[in-house]
Structure formats: structure tokens, C-alpha cells
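Written below as C-alpha cells is the structure these notes are about.
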Amino acid sequence: MSAMIRMPQKRPLKHRSPSLPVFRLLTGLVLVWIATGQLGAQQRQLEKALELLPDIQFESIEPPEGFSASYELRIRQPIDHENPGEGTFLQRVFLNHRGIDSPTVMVVNGYARSDNQAYELTHYLNANEVSVEHRYFGVSMPDSLDWSFLNLEQATADLHTVRALLGEVYPGPWAASGRSKGGMTTVAYRYFYPRDVAASVPYVAPLQTSFEDERLYAFLRSAGTPECRAKHLAFQRWVLVERDQVLPRLNWYAKGKGWTFEYMGIEAAFEYAVLEYPFSFWQYGKECEEVPDTENPEEPGAIDRALDHLEDVVGFSLYSDQEIQRLGPHYYQAATQTGYYGFETADFTDLLVALPPQPHAAFVPKRFETTYDPTLSVRISDWLKAEGENFVFLYGEIDTWTGAAAEITAQTGSLKFIIPGRHHGDTSIENLSPTNREQVRVALESWLGVRLDPALWAGR
Numbered sequence: 164m165s166a167m168i169r170m171p172q173k174r175p176l177k178h179r180s181p182s183l184p185v186f187r188l189l190t191g192l193v194l195v196w197i198a199t200g201q202l203g204a205q206q207r208q209l210e211k212a213l214e215l216l217p218d219i220q221f222e223s224i225e226p227p228e229g230f231s232a233s234y235e236l237r238i239r240q241p242i243d244h245e246n247p248g249e250g251t252f253l254q255r256v257f258l259n260h261r262g263i264d265s266p267t268v269m270v271v272n273g274y275a276r277s278d279n280q281a282y283e284l285t286h287y288l289n290a291n292e293v294s295v296e297h298r299y300f301g302v303s304m305p306d307s308l309d310w311s312f313l314n315l316e317q318a319t320a321d322l323h324t325v326r327a328l329l330g331e332v333y334p335g336p337w338a339a340s341g342r343s344k345g346g347m348t349t350v351a352y353r354y355f356y357p358r359d360v361a362a363s364v365p366y367v368a369p370l371q372t373s374f375e376d377e378r379l380y381a382f383l384r385s386a387g388t389p390e391c392r393a394k395h396l397a398f399q400r401w402v403l404v405e406r407d408q409v410l411p412r413l414n415w416y417a418k419g420k421g422w423t424f425e426y427m428g429i430e431a432a433f434e435y436a437v438l439e440y441p442f443s444f445w446q447y448g449k450e451c452e453e454v455p456d457t458e459n460p461e462e463p464g465a466i467d468r469a470l471d472h473l474e475d476v477v478g479f480s481l482y483s484d485q486e487i488q489r490l491g492p493h494y495y496q497a498a499t500q501t502g503y504y505g506f507e508t509a510d511f512t513d514l515l516v517a518l519p520p521q522p523h524a525a526f527v528p529k530r531f532e533t534t535y536d537p538t539l540s541v542r543i544s545d546w547l548k549a550e551g552e553n554f555v556f557l558y559g560e561i562d563t564w565t566g567a568a569a570e571i572t573a574q575t576g577s578l579k580f581i582i583p584g585r586h587h588g589d590t591s592i593e594n595l596s597p598t599n600r601e602q603v604r605v606a607l608e609s610w611l612g613v614r615l616d617p618a619l620w621a622g623r
């Protein structure tokens, strides 16, 4: 390099080559300019490809780190894929681009998706990402809601449509992944369209085959230590006993937050929150040391501390009209097809006044009547055990939903990990042991038919 910048002494000073740091800076700027031009050309090529696809609107948005371009798409979907004449709606999809020939991860969302944060699996596969908002959530709403078309058959047909369209742009291998309800939908997607993706990685995905999955109750009866479960019970009963002090505080708190409780009434909301407490406690990995002491209930501030703790673990807004409306599509699906959970009340029957004898956690919109049909859930469960190949299931050891985990068999070659000490929010590939993470890498590399960089899988 130094020979390149040494100039004859007779040349005037003003014509001397720049010093080495300046030369490097100029070279860097040229390379950046070339790279920027190449990226710009790739982006224009991508946008031309998107323009050629039918029934897609898109606009460029700021890409997350590691992607060269990102777009928010609106893809036109039939309300009823079996009868397109029923009308259409626009479904929100986020596209994060790395390269035309890179693998692509279909992120299956179980709810609304309003932001564009990249998914973990996308990082490990060094892939493009296509993130699909679930029908009837967020902005992906028909003008008139016919709830009969909110089911797994229609939702997975939405995914198949997205896959078929964007597969014209991204010919490389595809994988699918989702968390919680999105993970459940990821399994159903492979059941209906087994050739759409080469591998599926559901996170913390409950797979229930009944309206109330008894496995969840069994989990709660054995979660933690007997001492911790006894603390839960004492805390729940104490708060219910003190309802005359609790309800005025809740009313003022709700008014300050702008919550209303016309759907069920604030007293029922309070009782639901108390019954929900152990479920949420284990779901998000709370510590038993956090449970308030009930031995000195007359201590100043004891009730306020108890309500702060209950709000932190459960969240009273879950039972507000605003949240029930937001989650209404989820509750409808739970009550009709995917199943959910109820509450065991034997320890509280002398203290409950606002709830029905067998309360359930699916708050169906407008309280209209629904009928639960387990047929599809049973079929998917049976198929998964017999034919569900190329799955990686991830669960957290202390997550309540792990009680309703998928059941797999050795004959399929799929993998399932229950990660020690992890809950619903922090179960991840990153939190696998190095040995198990390498096992996942090798499996996905084989299933997808691509080389996956071991350095990316070594842990962040």
C-alpha cells in the first residue's frame, strides 16, 4: 500500500497523494457508494417484483438491523377461501429483505402485529422474514365481521396465499415459526399445507383438544413447591376476604386508567383476576418471594401492596371492555375450535359472589352463544404424532402452557425441548443449552437443505 502512495519528489506538493488515513477514508467512501448503489439496485429489483404480483399494496419502511429493505404490505384475502364471492379484506404483512436467494421465515402471528421487530429464528437462519397478522386482528379486518369465517381453516389459507405469492419472489427454502397462539397456528398451517414450508419451529404452543384442558389443572397442582402453592392460596383467599377494601380502590384505579367493565362488572373482574393469579404467576415466571405476606393483614398499606402485586402478575385491564374487545377474536376461536381453560373454584366457593359456578377464561364478544367443536384439534394432534415431521417445539419448564404442550413421537424425527427455568416470555433458541442448540441447527440445516453458519448459533 505504501508504494502506491509514494510520489516522486519533483512533483509539486499540491499533487501529492493523500496520506494513508485519508486514502483509506476515500476508498471506504467509494466502497460505500458502490455498495449503496448495489443495494439500491437490489431494492428496485425487489420492488419491481412486488409490483408484478396481484392483489398486493406495499410501502417502504425503515428496516430492522441486518436487513437491506423492509415493507409493510397489504395483501387482499377472501373472507371465505372456499367462496371468494363472500368479499375480501386486506391483511397486513411485514416483509424484511436480506436476499432473493436466502431462506425465508414465515412468522405466524396469533394476534395483531403492529410493529416490525425481527423474529429470533430469522436471525439464526440469516433469512428474509414475512410476518403475517392474523385475520380479524389489528387492521386485518373485514368491513363486516362474520365470525363463522374466523377459524384455522381460513387463517391457514391466508398463510398459504401469502406463501404462494411471495414464493414467486423468494424461491429459496421456507420455514414457519410462531409464538403461543401463533405457534399453535404454525402447527395447523403445516397440517393443512404440509409442503408450503420445509421446517416449522413453534414456540410455547399449546395444543388443546378440549374446551378446558385438564392437563393445565394438573400442571398448576404440581407447579413450584407445596409451600409456594400454599402461599398462593392464602394470598388469594385473603384478597377475596378483603373485597370491601379492594373494590373501592379498583374502581378509582379503573377510572384513572379509563377502563370500563360493562361486559362483566368490576366485581366479577376482580374475582376472575384472583382465580387467574396462579396461572399467570407461573406463565411468566414470578418468584415465590414476591407473594405478599398474609400473616399481618392489618399492617398499614397491606391491601395496597397486595393489589399492586395482583396487578403486576395478572393485570386488571385483562377484564376491561377495552381488552375484551381487542382480544375478542382470540376468545371466539378458543370457544369454538382451539379450546382454552377454566378455573377450579373448590377452594373459593365460600368467597365468590359474582362468578358462575364453572367460570371460563374465554370471554366471547357480546356474549353470543358459541359451540365448541374439538374435531379439528383432535385430527391435528393425531396427525402430529403420526406424520408431523420437521418440527422443533420449544417450551419453558415453568410456563403454565407447557401443561398443554404438543405430543410428538420418535417416528416423526421432530424435536421437542422443555427448557429448564424458562417461562412463556423467555423460551427461545438462545436459551437452549449449547448442545441442544447445535442439535436444532443440524436438524434445520438438513431439513432446509442449506448451510447454517455455526458462528450464528454459538450464542449471542
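Numbering (our numbering), first residue to last: 164 to 623. For each residue, glycine too, the CB sits at the ideal point set by N, CA and C.
Taking 3 residues as the shortest admissible run, the region 347-426 contains the following complete beta strand (DSSP E) segments, listed from N- to C-terminal end: 362-366. By the Cβ-count criterion, Q254 is buried, with 16 or more other Cβ atoms from all chains shown falling within 10 Å of its own Cβ. Under the 8 Å Cβ criterion, the region 426-445 counts as touching the region 511-529, having at least three qualifying pairs. Contact check for H586 against Y435 fails: the beta carbons are separated by 8 Å or more. When DSSP states are grouped into helix, strand and coil, T267 belongs to the strand group. By the C-beta criterion, the region 323-342 is judged to be in contact with the region 262-270, since at least 3 inter-stretch pairs fall below 8 Å. Residues of the same chain with a CB within less than 7 Å of the CB of V477, apart from the 5 flanking positions on each side, are A436, E439, Y440, S443 in chain order. Shortest Cα-Cα distance from T348 to any of T319, W415, S577 involves T319.
Taking a cut-off of 8 Å on C-beta distances, the region 350-364 touches the region 547-566, as three or more cross pairs fall below it. Under the three-state reduction of DSSP output, K211 falls in the helix class. The continuous alpha helix (DSSP H) containing G491 extends over residues 491-496. Per DSSP, the beta bridge partners of I224 are S233. The secondary-structure analysis by DSSP pairs Q500 with nothing; it has no beta-bridge partner. Separation of the CB atoms of T499 and D545 is rounded to 20 Å, and the pair is thereby denied contact status at 8 Å.
In the pairwise beta carbon analysis, the region 600-613 is classified as not touching the region 451-468: fewer than three pairs are separated by under 8 Å. A check of alpha carbon separations from P227 across T388, L611, E292, W564 identifies E292 as the nearest.
Taking the Cα positions, L490 is about 37 Å away from E608. A contact is defined here as three or more CB-CB pairs under 8 Å, and the region 394-401 meets this definition with respect to the region 450-458.
Of all alpha-carbon atoms in Y495, E507, L215, L329, the one lying nearest the alpha-carbon of Q399 is that of E507. For I561, no beta strand (DSSP E) encloses it, and the DSSP letter there is neither H nor E. Counting only residues of its own chain and dropping the five nearest sequence neighbours on each side, I219 has a CB closer than 8 Å to the CB of L213, L236, R237, I238, R239, L328. Distances from the CA of G421 to each of Y352, A386, F382, S480 were compared; the closest alpha carbon is that of S480. Per the coordinates, the alpha-carbon of F424 lies some 43 Å from the alpha-carbon of F230. Bounds of the beta strand (DSSP E) holding N259 are 251-260. When the five nearest sequence neighbours on each side are left out, the beta carbons in the same chain lying within less than 6 Å of the beta carbon of A524 are those of Y503, Y504, in order along the chain.
For F580, the enclosing beta strand (DSSP E) starts and ends at 578-582.
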